[in-house]
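Notes for the one structure printed next.
In the numbering used here, the protein residues as written are 15 to 169.
This is the structure:
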C-alpha cells in the first residue's frame, strides 16, 4: 500500500452542514426553474379548450353502423337490386334454360325440391348458372334475397 491517504475536503461539521444545505437549496432551485419552464410560455386558445372542441379532437377516425352493414361492413343489396344487376340477364329471357322471372310453370319444377335447394343452387351454381350468378362478391344473404325476390313473383 502506498503511504498516501485520501482526505475529505470537508474537515469540520460546519462545512458538512453548509454542503448539505447548499445541495438541498440547489435541488429546490432546479425544480422550481424546471416547473417554470414547463408551465410558462404557453398560450391557449380558449375555443380549443371547449368541450365541443375537445370531443372533436378525440373523436374516433371512423364509425361503424352495424344496423345497415353486412359482413365486413358491406352494405347489403336488396333482392330486387341483386336480381336487376346480376340475375336479370338470364332469368328475364330464359337463356340456357333459366326459369323466366314470373313464369309459374318454369319455377314449379324447381320449387318441388324446396327453397333451401334453390338457395344452394344459387350459391354453388348449377347447369349453365355460375355460383352466385357470376358475381362472387355477393354475400349469402344477398343471393338468398334475390332468390326470394324471384320466388315472390311466382307465388
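Ideal placement from N, C-alpha and C gives every residue a C-beta, glycine not left out. None of the values given here were measured: they were computed from a predicted structure.
Residue(s) in a DSSP beta bridge with residue 143: Locating residue 143 in the chain shown gives position 129, counting from the first residue. DSSP lists 140 as partners of residue 143.
Cβ neighbour criterion (16 or more within 10 Å) applied to residue 111: Here the question's residue 111 lines up with position 97 in the chain shown. Its Cβ having fewer than 16 others within 10 Å, residue 111 is exposed.
According to DSSP, residues forming a beta bridge with residue 68: Locating residue 68 in the chain shown gives position 54, where the first residue counts as 1. Bridge partners of residue 68: none, in fact.
Nearest to residue 121 (by Cα), restricted to the options 30, 164, 44: Position 107 of the chain shown, counting from 1, holds the residue named residue 121. Considering only alpha carbons, the answer is 164.
Burial state of residue 71, where buried means 16 or more other Cβ atoms lie within 10 Å: If you number the chain shown from 1, residue 71 lands on position 57. By the 10 Å Cβ count, residue 71 comes out exposed.
Residue 89 - DSSP class collapsed to helix/strand/coil: The count along the chain shown starts at 1 and reaches residue 89 at position 75. Of the three classes helix, strand and coil, the one that applies to residue 89 here is strand, per DSSP.
Expected contact under 8 Å - CB spacing of residue 157 and residue 146 to nearest Å: As a working note, residue 157 is residue 143 in the chain shown. As a working note, residue 146 is residue 132 in the chain shown. With a Cβ gap of about 5 Å, residue 157 and residue 146 count as contacting.
Alpha helix (DSSP H) segment containing residue 163, residue limits: Within the chain shown, numbered from 1, the residue matching residue 163 stands at position 149. Element bounds for residue 163: 154-166.
Bounding residues of the alpha helix (DSSP H) (the contiguous stretch that carries residue 122): Taking the first residue of the chain shown as 1, we reach residue 122 at position 108. Residue 122 -> alpha helix (DSSP H) spans 118-125.
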